[in-house]
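Numbering (this note's numbering), first residue to last: 70 to 369. Data first, discussion second: the structure below is written as structure tokens.
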């Protein structure tokens, strides 16, 4: 894990005009970023396309395992509706992995164009105010210019990140944005922790294989079947947007709420849940869907 590098960043816009952002509006940033890419040069637009749809790996085993590589970046937008006025600031957090860090400059150019084109349906224009990268000690470093373009940024290793995680005999997993999990192309309306951990593991494995050159051992994750009683606290399915699909309206949603569980229940797979906080999980995870927070309930 010491070979796995990533950066955690924060981009901030100074808003130019009043806009109401509905709840989960920023989960639709894929569409808005694509619209913003039209303002870029042809070369920068091509870099954006490669960021969102990375090329298939050149080595056959990885290409076979991951025919549709995940993006190297993960966005963690704020949740909840908000009324923005001219002069307000809006920030989005994110993570970028491995070789993708070298393309961070292209992502910053896209964020700059996003402020020009608007954050939501062409509304909410703003100027890119700052780009900050978190250092290992939690402090932030403002970055600009060639350091961004060359990917010369303060990086963290996954080994260091895991070493900094607190100990607790009991944990709470809180879903911040709807998590949409598909099994056989069907959504899991009532997922359980023992079914979610393998999906998070696969999400992490895809990022590490495609962008960090690290193949996680392909072992089956076997967790005990955990009872919902006493573990799930207010988990529910929530539709959050409608999709017009071939002349009919389709509701899209995901799981929200919290789970509580003992550390012993997940044994050696707790690290998967800890790393998964950086990756999100499920459909739309690169753009903020399936975002969760792991909280220690008792410990240090």
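Positions of the beta carbon are idealized from the N, C-alpha and C atoms, including for glycine.
Are residue 324 and residue 247 close, meaning C-beta to C-beta below 8 angstroms?
-> yes
Check whether the Cβ atoms of residue 153 and residue 222 sit closer than 8 angstroms, and answer yes or no.
-> no
Whole-angstrom Cβ separation of residue 225 and residue 74, contact assumed at under 8 angstroms?
-> 7 angstroms
Around the Cβ of residue 354, are there at least 16 other Cβ atoms within 10 angstroms (buried) or fewer (exposed)?
-> buried
Per-residue burial, residue 278 [other beta carbons within 10 Å of its own, 16 or more giving buried] | buried
Have a look at residue 159 and residue 81 and give me their C-alpha separation to the nearest angstrom.
-> 5 angstroms
Any heavy atom of the ligand HEM within a distance shorter than 7 angstroms of the CB on residue 109?
-> As presented, the structure is devoid of all ligands, the ligand HEM included, so that no description of it is given.
Neighbourhood of residue 284 by C-beta, 7 angstroms cutoff - its chain only, sequence neighbours within 5 removed | 278
Are at least three pairs of beta-carbons, each pair with one atom in the segment 240-258 and one in the segment 341-359, less than 8 angstroms apart?
-> yes
Measure from the alpha carbon of residue 85 to the alpha carbon of each residue in 116, 144, 156, then state which is nearest.
-> 156
Opening and closing residue of the beta strand (DSSP E) in which residue 340 lies | Counting along the chain, residue 340 falls outside any beta strand (DSSP E), though it belongs to the alpha helix (DSSP H) covering 339-345.
How big is the Cα-Cα spacing for residue 199 and residue 242?
-> 31 angstroms
Continuous alpha helix (DSSP H) stretch holding residue 81: start and end | Not the alpha helix (DSSP H): residue 81 falls in the beta strand (DSSP E), residues 74-84.
State the start and end residues of the unbroken beta strand (DSSP E) segment that holds residue 161.
-> 158-166
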